[in-house]
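2 protein chains.
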Amino acid sequence: MKLKTKNKDVYIITGVAGLIGSTLLSDLIKRKKCIIIGIDNFRLGKLEFIKTFTRNKKFILFEINLNKKIINNKILNILKKNRLKQIWHLAANSDIQSGANNTFADLKNTFLTTSNICNFLKPFVEKKTILIFSSSSAIYGNIKGRISEGSSPHMPESYYGAMKLASESFISAFSFNNNIKSFIFRFPNVVGKNLTHGVIYDLSKKIISKNQYLKVLGNGQQRKPYSHVSEIIKCMIYVIKKKHNKKINYYNIGTNDSGIKVKNIVHLLLKKFRIKKKIIYEKNDRGWKGDIPHYKYSTKKLNRTGFKFHLNSYLSIKKAIKEY
Amino acid sequence: MKLKTKNKDVYIITGVAGLIGSTLLSDLIKRKKCIIIGIDNFRLGKLEFIKTFTRNKKFILFEINLNKKIINNKILNILKKNRLKQIWHLAANSDIQSGANNTFADLKNTFLTTSNICNFLKPFVEKKTILIFSSSSAIYGNIKGRISEGSSPHMPESYYGAMKLASESFISAFSFNNNIKSFIFRFPNVVGKNLTHGVIYDLSKKIISKNQYLKVLGNGQQRKPYSHVSEIIKCMIYVIKKKHNKKINYYNIGTNDSGIKVKNIVHLLLKKFRIKKKIIYEKNDRGWKGDIPHYKYSTKKLNRTGFKFHLNSYLSIKKAIKEY
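Protein chains in written order, with the working numbering: chain A, 1 to 324; chain B, 325 to 648.
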């Protein structure tokens, strides 16, 4: 690899081939004089999401399993000659349901990816380097009323939420110990074109399958907020540009409406596919163990930065279904 | 091993050879018809602390490194024939300072021990099994004013605190997924006879060394609460007997006074050893990276259970120095 890579800003995106990573990449790549290092293990991420960028000289893709100790001389060489500007750590086991049966999925793919990428990059972080982490509403567990950043306790019910919170904790200590600034963004459900999991993805697969019935996880009454990936990215880029004096900065980001019911998403999808199927709901009000069937965000802290989400849950879902 | 072990209550203590584990063992062993499985890797724990119990038929000691996947048929056989009553998970890297330089120390010895012991015991937990975890004030990071359980955010500054919080998160998801009750006790500094680390341990070593000077970590003005291990154990046993309806129960435990200064501990120790040395303090107000130099507990939640600590920080330190 003979790239002219000297004195440039380096952006690292882990989980670059996922929904959020691939959308972020399409945004960051517009910047001048930068190098973007994209990392994915392609467990959930898909090459097709980032294929248009693989020939771009600014972008270098690495297939690495971040849950194992990272040894990569190519990346080290790039970092030695350039400035590590932003680390976007998005790699995770984003498939929450799978973690209910296999605790190691989240431990490895969410928590160990975090500790490993931090330890690997530690020699290269500078005072101006910032670390951005994609956390989740799942860290709060089942909270009554609107969830604000100060809502307590943080007692996650899913391993997914637990390992996101464990990652936040690690990043907190890492920022203090290495004197760098971190941003922790707690997402609601995020939807968009490049889905790799989640309600639209699952239901669509079932709808176009040959199965006579459409079996829905839970009783369909689960009502959660959804935001569109395009606004999520816009929001994060907006917030990290604002002045922050603290080392650790954490925000609930997403729409603050009361969400949309799974039942309604089912009907929107059936309409889109123009398919009629008998819908079978479960009795359980939760889709899986550790599922939080209802929650609502307070985004007051985010709104104080000047950012507001314009697409509510319904519009975000509509947009994602249209694109998907 | 041909122990008559059938239909008995099994208590598991990880970190059994540490300060808290060894003191707890001396208490639990008084119970009738029980089996106590003690686990330690003897990294910090000391065999001498539990030597008097190793010939007791109720007690079975295992030298196991819990940071690796646990495979132990002897323990499995015991669990198959008996009831898993209480899991006291105390094993951890209790040496906070060491973690500042080696992030893996806390990750392995605090976090992975937690996830591994939970996964190993998962097939044996019953509805009545309870899990008790020794957490720490360090999970809160640097909070202004008194720290209550609802204090926010939980942004630990040390890897020690980060991996205690990560363990709490894992235990939270574990309890929900396996339908068992957990108790998370957040300790202040704990002192007593069987010290393996901490301020009394470190300073004593330095005082009796041949060094002409006594170098103290930090400026000596750090002021933290200390509780004596005997009261900590009494408190935990009291609390877990009380009725709790929630799956996850978490308490700040310890004295709620404003602590004792490191400087004062130095003088108490010099007096005890009857040694005169020139004391050298550092300029830094923290003893190490991630040290929280001042904090105070709110123990209102604990007090509502009816339990009160009687020894304040000064008396706890005095008692520990006398015994050590």
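In this text, a Cβ means the ideal position worked out from N, Cα and C, and glycines have one as well.
A quick note: this is a predicted structure, and the numbers were derived from the prediction, not measured.
Less than 8 Å between the beta carbons of Thr196 of chain A and Val239 of chain A, yes or no?
no
One or two residues paired with His618 of chain B in a DSSP bridge
B:Arg547
Check each residue of the segment 72-106 of chain A: if its Cβ is closer than 7 Å to any Cβ of chain B, include it; give the result in chain order.
Ala100, Thr103
Specify, as a first and last residue, the run of the alpha helix (DSSP H) that Thr196 of chain A falls within.
First-last for Thr196 of chain A: undefined, no H or E at that position.
Beta-carbon proximity of Thr54 of chain A to Leu61 of chain A, cut-off 8 Å:
yes
Checking 8 Å against the spacing of the C-beta atoms, do Ala497 of chain B and Ser482 of chain B come in under that value?
no
Output needed in chain order: residues of the segment 481-501 of chain B with a Cβ under 9 Å from some Cβ in chain A.
Glu481, Ser482, Tyr483, Tyr484, Gly485, Ala486, Met487, Lys488, Leu489, Ala490, Ser491, Glu492, Ser493, Phe494, Ile495, Ser496, Ala497, Phe498, Ser499, Phe500, Asn501
Looking only at its own chain, which residues have a Cβ that is under 6 Å from the Cβ of Ala490 of chain B, when we skip the five neighbours before and after it?
Phe435
State the DSSP-derived secondary structure class of Ser476 of chain B, mapped to helix, strand or coil.
coil
Rounding to the nearest angstrom, what Cα-Cα distance links Arg343 of chain A and Asp333 of chain B in this structure?
With chain A represented from 1 up to 324, any question about residue 343 of chain A goes unanswered, as that position is not in the structure.
Segments assigned beta strand (DSSP E), at least 3 residues, entirely inside the segment 561-603 of chain B
572-576
With Ile143 of chain A as the anchor, note down where its beta strand (DSSP E) starts and where it stops.
Note, Ile143 of chain A: premise wrong, no beta strand (DSSP E); not H, not E.
List the whole-angstrom C-beta distance separating Lys488 of chain B from Ser460 of chain B, where the pair is believed to meet the contact cut-off of C-beta under 8 Å.
5 Å
Is any beta-carbon of chain A found at less than 8 Å from that of Ser460 of chain B?
no
On the criterion of 16 or more Cβ atoms from any shown chain inside 10 Å, does Leu445 of chain B qualify as buried, or is it exposed?
buried
Own chain partners of Phe273 of chain A with C-beta closer than 7 Å, once the 5 adjacent residues on each side are dropped
Ile207, Ile208
Where Gly485 of chain B falls, given that 16 or more other Cβ within 10 Å makes a residue buried:
buried
Just how far apart, CA to CA, sit Asn219 of chain A and Val190 of chain A?
21 Å
Nearest residue (CA-CA) to Val553 of chain B, options B:Ile399, B:Ile495, B:Ser637:
B:Ser637
So, at 7 Å on beta carbons, what are the nonlocal neighbours of Ile603 of chain B in its own chain, with the 5 sequence-adjacent residues on each side left out?
Leu538, Val540, Val590
Opening and closing residue of the alpha helix (DSSP H) in which Glu387 of chain B lies
Counting along the chain, Glu387 of chain B falls outside any alpha helix (DSSP H), though it belongs to the beta strand (DSSP E) covering 383-387.
Between the segment 569-580 of chain B and chain A, which residues of the former have a C-beta closer than 7 Å to a C-beta of the latter?
Ile572, Tyr574
Neighbouring residues, chain A, relative to Ser439 of chain B (Cβ below 8 Å)
Thr103, Leu107
Using alpha carbons as the reference points, say which of B:Phe366, B:Asn406, B:Phe373 lies closest to Glu387 of chain B.
B:Phe366
Under 8 Å between C-beta atoms of Phe457 of chain B and Leu408 of chain B
no
Got a sec, what are the start and stop residues for the beta strand (DSSP E) Asp40 of chain A sits in?
34-40
Just to make sure I have the definition right: I need the residues of chain B whose C-beta is within less than 7 Å of the C-beta of Met155 of chain A. Which are they?
Ser496, Ile572
Considering only the alpha carbon of each residue, which of A:Asp40, A:Leu28, A:Lys32 lies closest to Thr14 of chain A?
A:Asp40
Identify the residues that DSSP records as bridge partners of Gln410 of chain B: which are they?
B:Tyr335, B:Ile454
Inter-residue Cα distance where the pair is Thr52 of chain A and Ile70 of chain A
27 Å
What's the gap between the Cα of Leu403 of chain B and the Cα of Phe383 of chain B?
14 Å
Reference Lys271 of chain A; option with closest CA among A:Phe104, A:Lys318, A:Ile36, A:Tyr251
A:Lys318
Can you tell me whether Tyr483 of chain B is helix, strand or coil according to DSSP?
helix
Contact set between Ser476 of chain B and chain A, taken where Cβ atoms lie within less than 8 Å
Glu149, Gly150, Ser151, Ser152
Considering only residues of the same chain and omitting the five flanking positions on each side of Ile561 of chain B, which have a CB-CB separation below 8 Å?
Asp351
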